[in-house]
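Participant: Okay, here's the structure, questions in a sec.
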Amino acid sequence: KQEVTQIPAALSVPEGENLVLNCSFTDSAIYNLQWFRQDPGKGLTSLLLIQSSQREQTSGRLNASLDKSSGRSTLYIAASQPGDSATYLCAVRSMNYGGSQGNLIFGKGTKLSVKP
Amino acid sequence: DAGITQSPRHKVTETGTPVTLRCHQTENHRYMYWYRQDPGHGLRLIHYSYGVKDTDKGEVSDGYSVSRSKTEDFLLTLESATSSQTSVYFCATLYQRDSTDTQYFGPGTRLTVL
Numbered sequence: 010k011q012e013v014t015q016i017p018a019a020l021s022v023p024e025g026e027n028l029v030l031n032c033s034f035t036d037s038a039i040y041n042l043q044w045f046r047q048d049p050g051k052g053l054t055s056l057l058l059i060q061s062s063q064r065e066q067t068s069g070r071l072n073a074s075l076d077k078s079s080g081r082s083t084l085y086i087a088a089s090q091p092g093d094s095a096t097y098l099c100a101v102r103s104m105n106y107g108g109s110q111g112n113l114i115f116g117k118g119t120k121l122s123v124k125p
Numbered sequence: 015d016a017g018i019t020q021s022p023r024h025k026v027t028e029t030g031t032p033v034t035l036r037c038h039q040t041e042n043h044r045y046m047y048w049y050r051q052d053p054g055h056g057l058r059l060i061h062y063s064y065g066v067k068d069t070d071k072g073e074v075s076d077g078y079s080v081s082r083s084k085t086e087d088f089l090l091t092l093e094s095a096t097s098s099q100t101s102v103y104f105c106a107t108l109y110q111r112d113s114t115d116t117q118y119f120g121p122g123t124r125l126t127v128l
């Protein structure tokens with residue numbers, strides 16, 4: 010069974026700090042890995058998608074890396090801002106667990122709070 | 015944003031009553047999904063559809079049924095709601111282009127079963 014774990018569950022940092030969110034998965038046979046942002050009471054917004062053949066993706070102040078062989082991904086946020094406060098979710102599309110139909114397996118998320 | 019709307023956005027119902035949640039998309043995406051989100055569990059797949067009238071079960075399908083009679087609509091039905099089905103329900107579609115694919119999510123429906 011594919012399991013996705015995110016550490017830490019919650020993180021509080023002062024504004025301007027660079028930070029790293031971690032995601033690990035147990036089965037390295039994946040099509041891709043996706044990072045989402047969720048604001049309280051809202052839906053999920055896709056931030057970055059990394060294909061299994063890729064090592065990293067960047068969008069603005071966000072950089073996501075993927076080490077498929079070790080089952081790890083990190084989301085790096087540079088120069089954090091209060092507007093970055095949200096829950097960040099990691100999800101994998103697993104080859105062995107429904108991924109052929111696009112199903113995603115999610116971690117429980119990291120709740121980020123950036124203090125002014 | 016893939017033009018996904020969900021209705022209702024909030025609903026309170028009583029145990030034993032039937033409930034239907036609707037997901038509507040405007041992008042003509044083939045694949046659609048229903049997830050539920052609960053504290054301590056994250057998002058879990060309930061059912062999904064890979065085309066009109068083509069559906070299959072996800073991880074937590076017991077007590078739920080789905081239907082898809084049109085590409086744009088995917089309905090989730092709780093035949094007889096229970097308190098354990100109190101949750102936030104999200105619909106998603108799969109955008110596929112070239113060799114990549116991305117899931118886009120609706121705003122969610124908050125369901126409370128008393």
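These protein sequence lines map, in sequence, to chains B and V.
Positions in the first sequence are counted from 1; adding 9 to them yields this note's numbering.
Positions in the second sequence are counted from 1; adding 14 to them yields this note's numbering.
For every residue, glycine included, the Cβ atom is placed at its ideal position computed from N, Cα and C.
1) Measure from the alpha carbon of A95 of chain B to the alpha carbon of each residue in B:N105, B:I114, B:G111 and B:K51, then state which is nearest.
2) What separation, rounded to the nearest whole angstrom, lies between the Cα atoms of V102 of chain V and C37 of chain V?
3) By the 10 Å Cβ neighbour count, where 16 or more other Cβ atoms means buried, how is L128 of chain V classified, buried or exposed?
4) Quick one: does G111 of chain B have its CB under 7 Å from some CB of chain V?
5) Please determine, among B:P91, B:E65 and B:A88, the residue with the shortest C-alpha to C-alpha distance to S74 of chain B.
6) Can you tell me which residues form a DSSP beta bridge with E26 of chain B?
7) Is the segment 65–74 of chain V close to the segment 83–102 of chain B, with three or more CB pairs under 8 Å?
8) Could one say the Cβ of Q117 of chain V lies closer than 7 Å to chain B's Cβ atoms, at least one of them?
9) Measure the beta-carbon distance from G116 of chain B to Q15 of chain B and round it to whole angstroms, keeping in mind my assumption that it falls under 8 Å.
10) Please report whether the beta-carbon of Y64 of chain V lies at a distance below 7 Å from any beta-carbon of chain B.
11) For Q63 of chain B, which three-state DSSP category applies?
12) Quick test of the definition: if touching needs 3 or more C-beta pairs under 8 Å, does the segment 93–100 of chain V touch the segment 26–34 of chain V?
13) Expressed to the nearest angstrom, what Euclidean distance is found between the alpha-carbon atoms of R23 of chain V and F45 of chain B?
14) Report all residues from its chain with a CB closer than 8 Å to the CB of N27 of chain B; omit the five preceding and five following residues, and keep chain order.
15) Residues in its own chain within less than 7 Å of K77 of chain B by CB, not counting five upstream and five downstream?
16) Output, in sequence order along the chain, the residues in the segment 95–113 of chain V whose CB is closer than 7 Å to any CB in chain B.
Facilitator: Considering the structure as presented:
1) For this step, residue 95 of chain B is matched to residue 86 along the first sequence. Among B:N105, B:I114, B:G111 and B:K51, the Cα nearest to that of A95 of chain B is on B:K51.
2) The count along the second sequence starts at 1 and reaches residue 102 of chain V at position 88. The count along the second sequence starts at 1 and reaches residue 37 of chain V at position 23. So the alpha carbons of these two residues sit roughly 13 Å apart.
3) Within the second sequence, numbered from 1, the residue matching residue 128 of chain V stands at position 114. Per the 10 Å Cβ criterion, exposed.
4) Here residue 111 of chain B corresponds to residue number 102 of the first sequence, with the count starting at 1. Cβ-Cβ to chain V under 7 Å: yes for G111 of chain B.
5) Locating residue 74 of chain B in the first sequence gives position 65, counting from the first residue. Of the listed residues, the one whose Cα sits closest to S74 of chain B is B:E65.
6) The sequence position of residue 26 of chain B within the first sequence is 17, counting from 1. The partner list for E26 of chain B (beta bridge, DSSP) is empty, contrary to what the question assumes.
7) no
8) Position 103 of the second sequence, counted from the first residue, corresponds to residue 117 of chain V. It does; some Cβ of chain B falls within 7 Å.
9) Stepping through the first sequence from its first residue, residue 116 of chain B is reached at position 107. Stepping through the first sequence from its first residue, residue 15 of chain B is reached at position 6. With a Cβ gap of about 4 Å, G116 of chain B and Q15 of chain B count as contacting.
10) Along the second sequence, one-based indexing puts residue 64 of chain V at 50. Answer yes: the Cβ-Cβ gap between Y64 of chain V and chain B drops below 7 Å somewhere.
11) Start at 1 with the first residue of the first sequence, and residue 63 of chain B comes out as number 54. Coil at Q63 of chain B, not helix or strand.
12) yes
13) Numbered from 1 along the second sequence, position 9 holds the residue referred to as residue 23 of chain V. Numbered from 1 along the first sequence, position 36 holds the residue referred to as residue 45 of chain B. Answer to the nearest angstrom: the Cα atoms are 21 Å apart.
14) For the purposes of this step, residue 27 of chain B is taken as residue 18 along the first sequence, with counting starting at 1. Around N27 of chain B: Y85, I86, A87, A88 and S89.
15) Counted from its first residue, the first sequence places residue 77 of chain B at position 68. Answer for K77 of chain B: S37, I39 and S61, listed in chain order.
16) F104 and L108
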